[in-house]
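The structure appears below as structure tokens.
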Ligand SMILES: [Zn+2]
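Numbering (the working numbering), first residue to last: 1 to 416.
Shown next, in the form of structure tokens:
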């Protein structure tokens with residue numbers, strides 16, 4: 001199985017918007033832009049919501065059959081490790097091996113020495129096509145990188161071989177992710193991480209590093225856009241170089257996690273992809289469910305009441321809801337509107353506070369971030385929430401499709 005040049009991770013908390021998500025990809029295809037849809041959901045999301053990997057598979061299959069989509073599509077076991085991969089084996093054909101927890105745990109000295117010996121030729125001054133400086137690499141540097149990352153990549157190898165034994169080689173896509181770490185990886189680190197991935201025999205088609213800056217859930221990028229652009233460009237150059245040099249799949253590409261809504265870096269990303277003729281996988285971090293809330297609010301009546309109820313409950317349980325996401329949200333609690341204030345809002349007021357339109361003065365990033373992590377509330381509402389999604393399906397679908405197409409696909413893949 002081979003992942004195509006452009007692919008898009010469409011996470012969906014409640015598994016109800018597959019058709020509306022796919023509609024955005026079909027819209028792009030009609031204009032000549034081919035994007036492979038990948039339904040991704042992590043074990044963490046399944047646990048909080050009470051869904052199973054089979055639910056994600058069902059959503060994807062139903063969406064694809066309803067739209068008569070005949071191109072490839074995938075179901076991604078997102079951020080899995082050896083302890084939870086088994087539940088995903090049957091329903092997934094894309095596996096994101098998460099080894100972030102193992103980064104920084106020192107590898108065996110003999111493994112480090114073997115690694116240095118094997119990749120000795122990169123020590124010194126290294127020129128990589130597309131990078132307009134030479135990389136000066138010392139043995140100490142390689143030793144430090146191996147010390148920090150080798151054990152993690154060996155763990156990825158174990159997970160890969162476990163999946164391979166169950167599904168057979170070539171029957172699934174492999175991604176290696178290191179985005180949930182404290183420190184961003186430099187392009188030089190990426191080079192040696194890819195060398196280690198190749199040494200482990202992992203046919204990775206995508207790699208998700210941690211980039212410089214903050215990728216908070218559901219809101220724009222926070223950081224130095226110039227610095228990000230340079231790093232992204234060098235990462236793309238390294239990935240292209242490494243795929244040839246280390247005999248990794250020739251479609252190897254970067255995967256950007258928490259990629260939804262990072263509007264200020266889409267332009268440099270799009271420019272770099274064009275410049276290098278490179279591919280991209282971009283995972284959205286479950287913002288589709290915020291479009292469900294926007295749709296419910298816009299519907300008015302019961303829909304608006306339900307949306308307000310979700311917010312009021314989110315405020316009252318803020319500590320509990322934010323805890324699992326502490327590292328990837330920045331909520332200024334003092335600036336959150338009081339539930340009593342929100343209670344007075346009409347359809348438009350609620351929808352425009354939540355919708356990610358930074359040029360709208362009603363847009364409220366604190367409100368949006370809190371609701372982003374509050375999906376446990378509608379999960380607990382259970383059937384009542386799902387019934388509302390059915391009742392207001394049309395207006396919700398419109399918002400889901402428009403968000404993916406207008407605010408994500410267009411600037412990333414079409415506007416350049
Ligand atoms: Zn991630």
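Each residue gets a CB set at the ideal place from its N, CA and C atoms; glycine is no exception.
Spatial neighbours of residue i in its chain, beta-carbon cut-off 8 Å, leaving aside the 5 residues before and after
i           : result
residue 175 : 76, 94, 95, 96, 97, 204, 205, 206, 207, 208, 255 and 281
residue 228 : 211, 212, 213, 221, 265 and 268
residue 417 : Because the chain is modelled from 1 through 416, residue 417 falls outside the range shown and cannot be assessed.
residue 392 : 295, 296, 299 and 303
residue 337 : 353, 364 and 367
residue 150 : 107, 111, 112, 115 and 196
Reduced DSSP secondary structure (H/G/I, E/B, other) of residue i
i           : result
residue 37  : strand
residue 363 : coil
residue 94  : strand
residue 465 : Because the chain spans 1 through 416 in this model, residue 465 falls outside it and cannot be assessed.
residue 131 : coil
residue 223 : coil
residue 180 : coil
residue 105 : coil
residue 46  : helix
residue 77  : strand
residue 273 : helix
residue 435 : Examination of residue 435 is not possible in this model, given that the chain is present from 1 through 416 alone.
residue 123 : coil
residue 175 : strand
residue 89  : coil
residue 11  : coil
Other residues of its chain near residue i: CB distance less than 6 Å, five sequence neighbours each side excluded
i           : result
residue 468 : In this structure the chain extends from 1 to 416, so residue 468 is not present and cannot be described.
residue 315 : 339
residue 328 : 216 and 217
residue 63  : 18, 19 and 22
residue 285 : 217, 258 and 260
residue 200 : 153 and 157
residue 66  : 19
residue 195 : 119 and 246
residue 180 : 100
residue 36  : 4, 7 and 72
residue 28  : 35 and 409
Close Cβ partners of residue i (< 7 Å) along its chain, the five nearest in sequence each way excluded
i           : result
residue 351 : 294, 297 and 298
residue 241 : 128 and 129
residue 439 : Since the first residue of the chain shown is 1 and the last is 416, residue 439 is not available in this structure.
residue 261 : 218, 219, 220, 287 and 356
residue 9   : 38, 40, 76, 281, 282, 283 and 284
residue 138 : 123
residue 135 : 126, 128 and 188
residue 143 : 112 and 116
residue 50  : 379
Ligand 2 heavy atom lying under 6 Å from the CB of residue i
i           : result
residue 117 : Ligands displayed in this structure: ligand 1; ligand 2 is not among them.
Please list, following the chain, all residues that have a C-beta closer than 5 Å to any non-hydrogen atom of ligand 1. 179 and 257
Could you name each continuous alpha helix (DSSP H) segment of 4 residues or more that falls completely within the stretch 324-402, going from the start of the chain to the end? 339-343, 347-354, 365-372, 376-381, 383-391 and 393-402
What are the uninterrupted segments assigned as beta strand (DSSP E) that are 3 or more residues long and contained completely in the stretch 188-268, given in chain order? 206-208 and 253-256
At which residue ranges does the stretch 129-170 contain complete beta strand (DSSP E) runs of 3 or more residues, listed in the order of the chain? 135-137
Measuring CB atoms only, is the stretch 398-406 touching the stretch 10-30, in the sense that at least three cross pairs come out at less than 8 Å? yes
Using a Cβ distance threshold of 8 Å, determine whether the stretch 362-378 contacts the stretch 329-348, with at least three qualifying pairs required. yes
Are the stretch 59-79 and the stretch 31-45 touching by the rule of at least three beta carbon pairs closer than 8 Å? yes
Would you call the stretch 102-114 and the stretch 162-172 in contact, with 3 or more CB pairs under 8 Å? no
Pair every Cβ in the stretch 188-195 with every Cβ in the stretch 229-238, then say whether three or more of these pairs are closer than 8 Å. yes
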